[in-house]
Amino acid sequence: MAKLTHLLSDIQIRAWIAKGEPIARSDGDGLTFTLSNAGTATWVLRYRIGNGRRRELTIGNYPDISLAAAREKARAARVAIDEGRDPAIEKQEEKTRIQAAWTVHELVANYREKCLLPAGFAQETIDCRNRDYDQIILPYLGARQIQRVTSIDIVSMMTDCNRKWSASKRVLTSVSQLFDHACGLKIIPANPCTGIKLSAIKGPRPPIRRRVMLLEEELRQLLPDIDLIGTENALAFRILLATCVRGIELAKAKKEHVYLDRGVWWVPDESVKTRKGFLVPLTPPVIEWFRGLIELSGESSYVLPARHERRRRNQGCDTHVCQTTLWAAIRRAFDRHDLEIRRFTPHDTRSTAKGHMRNMGVSREISELALNHTLKGMEAIYDVREEIPERREALERWTAFLCACENGAPTPEFAKPVRSSNVVPMLSAA
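Letter by letter, the sequence shown follows residues 0 to 429 in numbering that gives the first Met the number 0.
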C-alpha cells in the first residue's frame, strides 16, 4: 500500500500559525510541521534506520523553508536513509566541520557580538579587551584555525608581545576568555590557556603599589588650598573624597541621576565596576559641591562635561571628562611643587576614607558599604536595601571631619581615636 504524502497545504499552515496554538501535523512519509508554544514553526523529518529507534532531523523553519522546499529536502534525506546513511548524524558532522574550520578572527567576532557587551562588562573593560584583540591577539593568531592553536602558541604570543607584567596578565585573561567561548561553542574540548603561568613567562609579579591613607595633618594641609588644581577639579576632588566612589563613577555622573532635593545620587549599572548600580547618600556639604559643578556644567547632561574640543569631537558633542582628568591635575600640582605632602592618586581617596572611618568606630561592614564593596555570604543575600541609614551616618561623620580639616576647625570628638590603657591587670599567683 502506497504511503500517503502531501497531506498539508500552505493555507492550512498559515491558518495554524495565525491561531497560535502548538500543533504537530504530518505531511506524510515522516515529514512533520510543528508549531511551538513560542510560535516557532519548524519542519521535522521523523525516520528510522533499519529496526533502530526513531530519529528526527530538523529541516528548518517555516516560512524560511516553504512547504515545497521542505518536501524536496525530506525527499533527499530519505534517499540517504535508503542508502543506509543517517542524515541527522551527517548534519551534525557537517556543523562540526564548519566550526572546526573557524579561525581565531571569526571567534573574536562571535565573542564580541555575543559576550563583550555593556550588560556584562564595564566600558573600560570592553575597551581594554578590544585593544588586546586588535593589537596583540588578532595580529598573532587571527588567521589560525581555532583547533590548531596550542598552549605553546599562547606562550609565544605572550613572550613576543613584550608587555609589562600587569598588561601581560590582562592579555592572558583576554585570550583565555576567548578560548573559553570556543569551548562553549563546542569547537574545542579544552582551553589551550589552561595551566599557563604568567610567572613562568614574565617572572614573579612586581610588588603591588600600597594604597596611601592621607593622615589628618596631610588633609589639613591639602584641603584649604585644593582650589589650586582648578575650581571644577577641586569640587570633583572634594566629592570623590567625601562619597568614597571610584573616579570613573564620578566622571560619568549625569545630572538626571543627582537628586539634590532628596540628598541622594544614583550611580547606574553601566558606570559601576561590579555592574550593579547603587545609591550614594549626599551630605549637605556634598550637595553644595554638586550644585557648584552643575552650575559650571552649562547645558551638558553631565555633571563633569568634557572640556576639550578634541574629546567632544571623538566621543560626541556631549560627553563627560576623561577618567584621568583629575589625576592629571593632581600630578601637575605635585610636579609644580604646589603640594608638599605624600604623592597620592584619586583612587587613594577610597583608602583614606576607609582608614579614617574605621578609626572613627565605623564598622568594617558599613565602611565596606561606603566604598560600595560587595558584601560576602548571607549578609549579601539578605541585605538588599538601597538607602542604608548606617551608611549615611558614616558619610556624615566623614564629611564633617573633612570640612573641619579644610576650615581649620578642631577635630570632632567622634573623629578622635579612642586611646585604651596599656596597663594590663595581673592575677596574683595562686
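The C-beta atom is built at its ideal place from N, Cα and C for all residues, glycine as well. The model shown is predicted, which means the values in this text are computed figures rather than measured ones.
Between the stretch 189-203 and the stretch 335-342, the count of C-beta pairs closer than 8 Å stays below three; the two stretches do not touch.
Separation of residue 331 and residue 105 (C-alpha to C-alpha, rounded to the nearest whole angstrom) is 44 Å. DSSP, reduced to helix, strand and coil, places residue 253 within a strand of the structure shown. Under the three-state reduction of DSSP, residue 22 is assigned to strand.
By the neighbour-count criterion, in which a residue is buried when 16 or more other Cβ atoms sit within 10 angstroms of its Cβ, residue 275 is exposed. Judged by pairs of C-beta atoms under 8 Å, the stretch 281-295 does not touch the stretch 305-317, as fewer than three such pairs exist. Remark: fewer than three beta-carbon pairs, one from each stretch, lie closer than 8 Å, so the stretch 229-240 and the stretch 359-369 are not flagged as touching.
In the DSSP secondary-structure assignment, residue 54 is bridged to 46. The DSSP-derived three-state label of residue 333 is helix. For residue 346, the secondary structure class from DSSP, reduced to helix, strand or coil, is coil. Burial is judged here by how many other beta carbons sit within 10 angstroms of a residue's own beta carbon; residue 5 has fewer than 16 and is exposed. The Cβ neighbour count for residue 243, taken over all protein chains shown within 10 Å, is at least 16; the residue is labelled buried. By the C-beta criterion, the stretch 42-59 is judged to be in contact with the stretch 76-86, since at least 3 inter-stretch pairs fall below 8 Å.
With fewer than 16 other Cβ atoms from the protein chains shown falling within 10 Å of its own Cβ, residue 373 counts as exposed. In terms of Cα proximity to residue 260, the closest of 281, 250 and 402 is 281. Here residue 251 is buried: its Cβ has 16 or more other Cβ atoms, across all protein chains shown, within 10 Å. Under the criterion of beta carbons closer than 8 Å, residue 17 and residue 33 do not qualify as touching, at roughly 16 Å.
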